[in-house]
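In this note's numbering, the protein residues as written are 7 to 723.
Note that beta-carbon positions come from the ideal geometry of N, C-alpha and C, so glycine has one too.
Small disclaimer: the values here were computed from a predicted structure and weren't measured.
Reading through the structure tokens given below for one structure.
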């Protein structure tokens with residue numbers, strides 16, 4: 007007989023003390039290897055007869071940390087502005103995490119000094135549509151020196167200018183796997199761009215496609231650790247996201263600026279998992295088949311118009327997003343002795359939308375720059391769900407699921423004032439104060455309407471300590487964004503879990519303290535470090551619900567802390583050419599009091615470690631390059647009232663590649679991934695009584711997915 011010890015998640019509290027804007031030291035280092043002209047984003051810097059970037063905003067206070075020209079990225083044979091941005095030393099693109107409205111910038115990329123008026127159609131999508139021919143330079147600038155609330159530390163500003171002609175790029179990336187997964191044959195994109203001296207436009211068609219699968223054993227143990235069932239399982243999932251996106255910008259002779267962005271998506275998902283189960287106590291063998299599907303449609307449009315109004319400039323912004331997501335999950339268990347089928351079917355149709363109107367008025371005052379902002383938002387989520395269970399004859403019959411059909415609405419008004427000032431050469435201050443009012447209502451048997459007032463604001467400093475060191479610090483009072491799905495009852499048929507309805511959720515709030523040090527290592531590369539600490543109130547985690555059951559809800563307080571880092575090392579400073587190492591490492595800790603047992607633990611499911619590296623060598627004088635990539639992460643346990651579970655992998659998803667940058671003018675890369683044979687892991691312990699430590703059963707799963715071969719073909723036209 008086999009046994010397995012129960013694995014428990016243990017965490018210790020780390021105390022983070024002191025001000026985030028103090029204890030900063032000055033470091034002197036070598037001169038940089040890349041172009042280092044300290045140019046402001048308002049300088050035209052016209053090169054080779056190209057027209058100046060007509061859409062570039064002006065900001066006399068902007069401080070440029072480092073500047074890179076197209077020649078700095080030539081060795082990588084980039085096809086788009088995104089290819090260039092990903093090669094900026096010591097910098098990682100922040101794609102945003104679902105910011106609350108448009109008030110606070112949650113990405114660190116600008117195009118011609120302006121934010122991108124989109125969310126899902128964000129910086130990655132926008133940069134990918136811009137051909138390299140239209141990129142004049144890329145600048146790392148001080149976020150606090152910009153007239154944009156929410157930005158601090160390193161911000162990448164991409165300066166572009168239309169060539170006056172239409173140009174384009176394409177990508178095709180078929181992929182093949184060695185274990186039981188169909189080939190991916192429809193991954194690709196095509197993008198075109200054009201314009202003139204006063205305007206520019208982009209248009210892209212893309213299919214983000216994936217074919218995934220794994221297989222292997224899952225062992226089930228009883229509360230005493232004895233093996234009760236052996237399962238041989240195989241899983242396949244097909245994903246296709248077909249997207250049409252674009253943008254248009256125009257600068258009038260009087261300096262007025264118009265920007266339009268938009269995208270439309272169709273997301274198709276099909277999954278199947280087959281589990282051959284052999285009980286170890288003599289019960290009848292059976293086969294469980296789980297299927298899941300989604301046919302999502304969504305679109306997003308954004309527009310902003312900036313013009314002179316009185317002594318300042320007024321920007322009017324409009325944004326709308328809509329999504330329809332019908333999903334169907336089903337589980338069927340077939341028995342070897344021919345008894346009736348068992349199982350469930352869960353159908354859900356979710357419609358959600360967000361509409362935002364915002365105004366920003368910017369003018370000089372109080373020795374600096376003032377921005378007055380007012381924003382109105384309307385969000386809603388409407389869900390219709392049904393649950394069916396197979397009866398004693400194997401037929402599906404409706405099963406009640408209280409609170410699964412409801413609508414959640416939020417109306418919100420947000421206002422604030424942001425002030426920026428140059429305190430002295432190289433030292434920038436930005437501060438903001440504001441508040442929001444919101445009304446959240448839910449329909450259905452658990453419905454109610456509630457109102458909230460929330461203060462918010464921040465103070466940030468950017469300091470150019472030396473030519474080799476930039477320091478920034480930030481203290482902010484944030485209001486979090488709720489997931490409306492957490493309000494409404496749902497079931498997870500795969501893991502046989504249920505969340506009841508909870509209409510009492512409130513937005514979490516937090517104090518955020520963060521510091522960033524960006525260090526120029528000269529010819530050796532660059533390094534950035536970002537330690538942070540968050541003191542959170544009303545954190546959302548799994549809680550017991552009055553009347554029975556469990557669901558996401560609010561706990562009084564929690565902490566989150568850690569450090570994020572980006573390192574680029576170049577071989578040129580060591581005497582040979584062409585080798586580059588990029589490393590991103592994040593270590594995150596957290597602490598929250600478990601609502602059932604009362605001890606301190608990690609936040610449920612939080613990512614605790616993340617490591618990514620790319621090693622690349624370009625052979626000087628040739629078009630060949632080789633390299634490797636590595637990725638690894640670790641998560642804390644997902645904690646529910648009656649179970650703890652964790653999904654993970656064995657160490658390191660690793661890729662090796664070879665690339666030729668001039669095959670009939672195209673770039674072709676061949677890669678082999680998962681060369682260390684990484685394995686997918688899942689462990690779960692389900693309790694009869696978690697407070698007493700009484701275990702019902704536990705599961706231990708290991709699945710392999712083989713080696714992945716990818717051919718990427720990129721070109722321009």
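How close, in whole Å, do the beta carbons of residue i and residue j come, if the pair is a contact with beta carbons under 8 Å?
{"i": "residue 702", "j": "residue 229", "result": "6 Å"}
{"i": "residue 144", "j": "residue 164", "result": "5 Å"}
{"i": "residue 685", "j": "residue 641", "result": "Actually they do not touch by this definition, with Cβ atoms about 16 Å apart."}
{"i": "residue 88", "j": "residue 133", "result": "4 Å"}
{"i": "residue 537", "j": "residue 569", "result": "5 Å"}
Under a three-way DSSP split, which group does residue i fall into?
{"i": "residue 134", "result": "helix"}
{"i": "residue 83", "result": "coil"}
{"i": "residue 528", "result": "helix"}
{"i": "residue 452", "result": "coil"}
{"i": "residue 401", "result": "coil"}
{"i": "residue 723", "result": "coil"}
{"i": "residue 76", "result": "helix"}
{"i": "residue 55", "result": "Any reading at residue 55 must be qualified, since the residue scores a pLDDT of 32, below 50, and its modelled position is unreliable; no value is offered."}
{"i": "residue 634", "result": "strand"}
{"i": "residue 410", "result": "coil"}
{"i": "residue 89", "result": "helix"}
{"i": "residue 129", "result": "helix"}
{"i": "residue 140", "result": "helix"}
{"i": "residue 507", "result": "coil"}
{"i": "residue 493", "result": "helix"}
{"i": "residue 579", "result": "helix"}
{"i": "residue 422", "result": "strand"}
{"i": "residue 584", "result": "coil"}
{"i": "residue 671", "result": "coil"}
{"i": "residue 471", "result": "strand"}
{"i": "residue 174", "result": "strand"}
{"i": "residue 707", "result": "strand"}
{"i": "residue 268", "result": "strand"}
Have a look at the options and flag the residue whose alpha-carbon is nearest the alpha-carbon of residue i.
{"i": "residue 75", "options": "141, 122, 100", "result": "141"}
{"i": "residue 205", "options": "189, 222, 160, 256", "result": "256"}
{"i": "residue 484", "options": "596, 461, 502", "result": "461"}
{"i": "residue 237", "options": "592, 231, 222", "result": "222"}
{"i": "residue 101", "options": "131, 637, 442, 274", "result": "131"}
{"i": "residue 549", "options": "508, 658, 108, 457", "result": "508"}
{"i": "residue 526", "options": "470, 420, 210", "result": "470"}
{"i": "residue 533", "options": "149, 697, 98", "result": "98"}
{"i": "residue 635", "options": "652, 628, 617", "result": "617"}
{"i": "residue 453", "options": "488, 475, 411, 523", "result": "411"}
{"i": "residue 558", "options": "478, 316, 569, 644", "result": "644"}
{"i": "residue 280", "options": "512, 519, 500, 325", "result": "500"}
{"i": "residue 246", "options": "195, 426, 252, 419", "result": "195"}
{"i": "residue 289", "options": "402, 341, 268", "result": "341"}
Could you give the distance in angstroms between the alpha-carbon of residue i and the alpha-carbon of residue j?
{"i": "residue 260", "j": "residue 463", "result": "34 Å"}
{"i": "residue 378", "j": "residue 364", "result": "11 Å"}
{"i": "residue 637", "j": "residue 447", "result": "42 Å"}
{"i": "residue 353", "j": "residue 539", "result": "41 Å"}
{"i": "residue 707", "j": "residue 676", "result": "32 Å"}
{"i": "residue 451", "j": "residue 409", "result": "7 Å"}
{"i": "residue 168", "j": "residue 683", "result": "46 Å"}
{"i": "residue 92", "j": "residue 166", "result": "16 Å"}
{"i": "residue 368", "j": "residue 314", "result": "10 Å"}
{"i": "residue 660", "j": "residue 714", "result": "10 Å"}
{"i": "residue 655", "j": "residue 687", "result": "5 Å"}
{"i": "residue 5", "j": "residue 541", "result": "Outside the shown range of the chain (7 to 723) lies residue 5, about which nothing can therefore be said."}
{"i": "residue 40", "j": "residue 90", "result": "For residue 40, the predicted structure reports a pLDDT of 36, less than 50, and the residue's modelled location is therefore unreliable. A value from the coordinates is still provided. Each residue's Cα considered, the two are about 13 Å apart."}
{"i": "residue 329", "j": "residue 305", "result": "7 Å"}
{"i": "residue 700", "j": "residue 225", "result": "19 Å"}
{"i": "residue 590", "j": "residue 394", "result": "46 Å"}
{"i": "residue 728", "j": "residue 346", "result": "Because the chain spans 7 through 723 in this model, residue 728 falls outside it and cannot be assessed."}
{"i": "residue 481", "j": "residue 517", "result": "7 Å"}
{"i": "residue 337", "j": "residue 415", "result": "32 Å"}
{"i": "residue 632", "j": "residue 665", "result": "6 Å"}
Three-pair Cβ contact test at 8 Å for the segment 667–674 versus the segment 687–698: no
The segment 381–388 / the segment 342–361 touching (three or more Cβ pairs under 8 Å): yes
Three CB pairs or more closer than 8 Å across the segment 426–442 and the segment 494–508: no
At least 3 beta-carbon pairs within less than 8 Å: the segment 550–560 vs the segment 581–591: no
Given 8 Å, three or more beta-carbon pairs between the segment 559–574 and the segment 624–631: no
Touch test, the segment 70–85 against the segment 290–303, Cβ-Cβ under 8 Å, three pairs minimum: no
The segment 237–250 / the segment 206–221 touching (three or more Cβ pairs under 8 Å): yes
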